[in-house]
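Student:
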Amino acid sequence: MQSPEPQSFDRVLSSMCTEPHPAAREAAERFLATNPGDPATYDTVAALEERAVELLATVTDHPTPTEASGYVTGGGTEANLQAVRSARNRHPAADANVVAPESAHFSVHKAAEVLDVELRTVPVDDEYRADINAVAAAVDDATALVVGVAGTTEYGRVDPIPELGRIAHDAGAFLHVDAAWGGFLLPFTDHDWSFADAPVDTLTIDPHKCGRGVVPAGGLIAREPAALDALAVETPYLETRSQATLNGTRSGAGVAGAVAAMEALWPDGYREAAERAAADATWLADELVARGYDVTEPELPLVAVDLPDTTFEALRDAGWKLSRTGAGEARVVCMPHVTREALRAFLADLDRIRT
Ligand code: PLP
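Residue numbers (our numbering): 2 to 356.
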């Protein structure tokens, strides 16, 4: 059987992954058979991973990018899980809990279940951002971690990160920012989200989303080495003595692709992409409002629109890869592959279906 071609991105509106940068694709292919999980054997890719961490720390405004701790994870799920694990391991409470807004990605729920940590989800406000009062009421002496999201999966919202940091640290907890999707967009906005903007302890930022690396490449970056030290286990059969990552063998392709993409795009290429995506999201939102639909104002380039079920299904039947929020709105994520032309074609199909 002839091997199938992967799907085209032409009609993919719901995904937070995108076409890799050509340099990332090429670098990934060269590093397919390397394992950054065994750095003493695969030293070239290990050095590349150090470069990846430095670049991710630069994007997230870490005070000393060349000394930042972190690693290239399998994705945002692993980075979030490891942030929860690190906070739990560093906190004295035997029954540690984690406080997160209900908008937090479901990976935080997985993390709590896997690590057997109590997860306290608190409501969001009318603008879908973490409700500060609810977070303050939920933390206590056993809170190891407060999670804030900088670019929520459903509505692209940015939580009030500095306030969450204050609440967390006053309670003796750590602050984790999940910028898995938003991390390569936020440097070009006025939002407070980074290591420089707030007392962030750990942060998720994924090259395989808006970073235009290849899958799999997530990122976990920490302000202090202690966050990673708290994850280390001894590794007797490897030449290196300890390992802080969750997976053992990891993707060298993901690491090499992430470095190649970031070296090609930081900062100007990412700025251009972020500005174009913001303009496209605003344009699409206006077009949908003009057609009488309820639209959630895009803060980052993600448009949530209330479409009747029949319209949603007809658009899916027409080949548009759309998904819904928990409340039922259709989500259009303006990723780099989502061009204005694609959005025009989407609206043309919507107009045809409506009439
Ligand atoms: N965090 C956020 C905010 C996300 O949007 C996602 C996925 O979309 C994740 C974490 C999980 O990332 P991954 O699917 O790479 O594990």
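Ideal placement from N, C-alpha and C gives every residue a C-beta, glycine not left out.
Which class does Leu266 belong to by DSSP, given the choice of helix, strand or coil?
Tutor: If DSSP states are grouped into helix, strand and coil, Leu266 belongs with the helices.
Student: Just to confirm, are Gly183 and Leu176 a CB contact at a threshold of 8 Å?
Tutor: Result no, Cβ atoms of Gly183 and Leu176 do not sit closer than 8 Å.
Student: Note down, in chain order, each residue of its chain lying with its Cβ closer than 6 Å to the Cβ of Thr78, except the 5 sequence neighbours on either side.
Tutor: The residues are Ser108.
Student: Can you give me the C-alpha to C-alpha distance between Ala197 and Thr122, rounded to a whole angstrom?
Tutor: The straight-line gap from Cα to Cα measures roughly 26 Å.
Student: Our contact map puts Pro268 next to Pro188 with C-beta atoms below 8 Å; I'd like the distance itself, whole angstroms only.
Tutor: At roughly 7 Å, the Cβ-Cβ gap stays under 8 Å, so Pro268 and Pro188 are in contact.
Student: Let me check you understand the geometry: is the CB of Gly76 closer than 7 Å to at least one non-hydrogen atom of the ligand PLP?
Tutor: Gly76 Cβ: within cutoff of the ligand PLP.
Student: Might you give, ordered along the chain, the residues of its own chain that have their beta carbon closer than 7 Å to the beta carbon of Gly262, omitting 5 neighbours on each side?
Tutor: According to the sequence displayed, residue 262 carries Ala and not Gly. Cβ within range, chain order: Pro21, His22, Ala24, Ala25, Pro208, Gly212, Arg213, Gly214.
Student: Restricting to runs no shorter than 4 residues, where is the alpha helix (DSSP H) found entirely within the stretch 237-300?
Tutor: Entirely contained in the stretch 237-300, the alpha helix (DSSP H) runs reaching 4 residues are, in chain order, 253-266, 269-291.
Student: Where does Pro217 sit, in a helix, a strand or coil, going by DSSP?
Tutor: Residue state, collapsed to three classes: coil.
Student: So, is Ala41 buried or exposed, given that buried needs 16 or more other C-beta atoms within 10 angstroms?
Tutor: When all chains shown are included, Ala41 counts as exposed.
Student: I want to know whether the stretch 26-36 touches the stretch 226-238 - three or more CB-CB distances under 8 Å.
Tutor: No, they do not touch.
Student: Is DSSP giving Ile222 helix, strand or coil here?
Tutor: Of the three classes helix, strand and coil, the one that applies to Ile222 here is strand, per DSSP.
Student: How many angstroms separate the CA atom of Ala113 from the CA atom of Asn36?
Tutor: Spanning the two alpha carbons is a distance of roughly 28 Å.
Student: Which one or two residues does DSSP pair with Phe175 in a beta bridge?
Tutor: Note: Phe175 sits in a beta bridge opposite Leu146.
Student: Could you tell me how far apart the beta carbons of His106 and Asp202 are, in whole angstroms, since I believe they sit closer than 8 Å?
Tutor: His106 to Asp202, Cβ: 18 Å. No contact.
Student: If you follow the beta strand (DSSP E) that Glu330 is in, where does it begin and where does it stop?
Tutor: Taken as a continuous stretch (DSSP letters only), Glu330 belongs to no beta strand (DSSP E), as it is neither H nor E.
Student: To the nearest angstrom, how far is it from the Cα of Thr59 to the Cα of Pro5?
Tutor: Distance between the alpha carbons of Thr59 and Pro5 is about 39 Å.
Student: Could you name the residues of the same chain whose beta carbon sits closer than 6 Å to that of Ala265, not counting the 5 residues immediately before and after it, in chain order?
Tutor: Around Ala265: His22, Ala24.
Student: Helix or strand or just coil, what does DSSP make of Lys322?
Tutor: The answer is strand: DSSP assigns Lys322 an E or B state.
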